[in-house]
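See structure below.
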Amino acid sequence: MNGRRKASVHTTVSPLAERQLESLVDSHNSFSSKSDAVDKAIGMLYYAVNHNVLVQVCLFDP
Numbered sequence: 002m003n004g005r006r007k008a009s010v011h012t013t014v015s016p017l018a019e020r021q022l023e024s025l026v027d028s029h030n031s032f033s034s035k036s037d038a039v040d041k042a043i044g045m046l047y048y049a050v051n052h053n054v055l056v057q058v059c060l061f062d063p
């Protein structure tokens with residue numbers, strides 16, 4: 002366990018956020034040219050998911 006993590010903090014990623022993240026990654030992987038901004042956003046989302054941060058992901062069609 003990470004010694005810096007507070008024992009009193011207990012958050013989870015909602016199933017909806019997990020599905021939206023998977024959808025975002027699948028869509029991103031299908032693009033022939035990848036955007037640095039999208040890469041950065043996905044990186045931040047993965048960080049949040051991997052560190053059990055409560056994530057609410059909203060996807061909008063451009």
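Every number in the working numbering is 1 more than the matching position in the sequence shown, counting from 1.
All residues carry an ideal CB built from backbone N, CA and C; glycine is no exception.
Quiz item: What's the call for Leu17, buried or exposed, on a 16-neighbour Cβ count within 10 Å?
Solution: Taking the sequence shown and counting its residues from 1, the one referred to as residue 17 is at position 16. By the 10 Å Cβ count, Leu17 comes out exposed.
Practice problem: Please check if any C-beta of chain B sits within less than 8 Å of the C-beta of Asp40. | Solution: You won't find chain B in this structure, because it holds only one protein chain.
Quiz item: When the Cα atoms are used, what is the spatial distance from Asn3 to Val26?
Solution: Within the sequence shown, numbered from 1, the residue matching residue 3 stands at position 2. Within the sequence shown, numbered from 1, the residue matching residue 26 stands at position 25. Model confidence at Asn3 stands at a pLDDT of 49, short of 50, so the residue's coordinates are unreliable; what they give is reported in the following sentence. C-alpha separation (whole angstroms): 27 Å.
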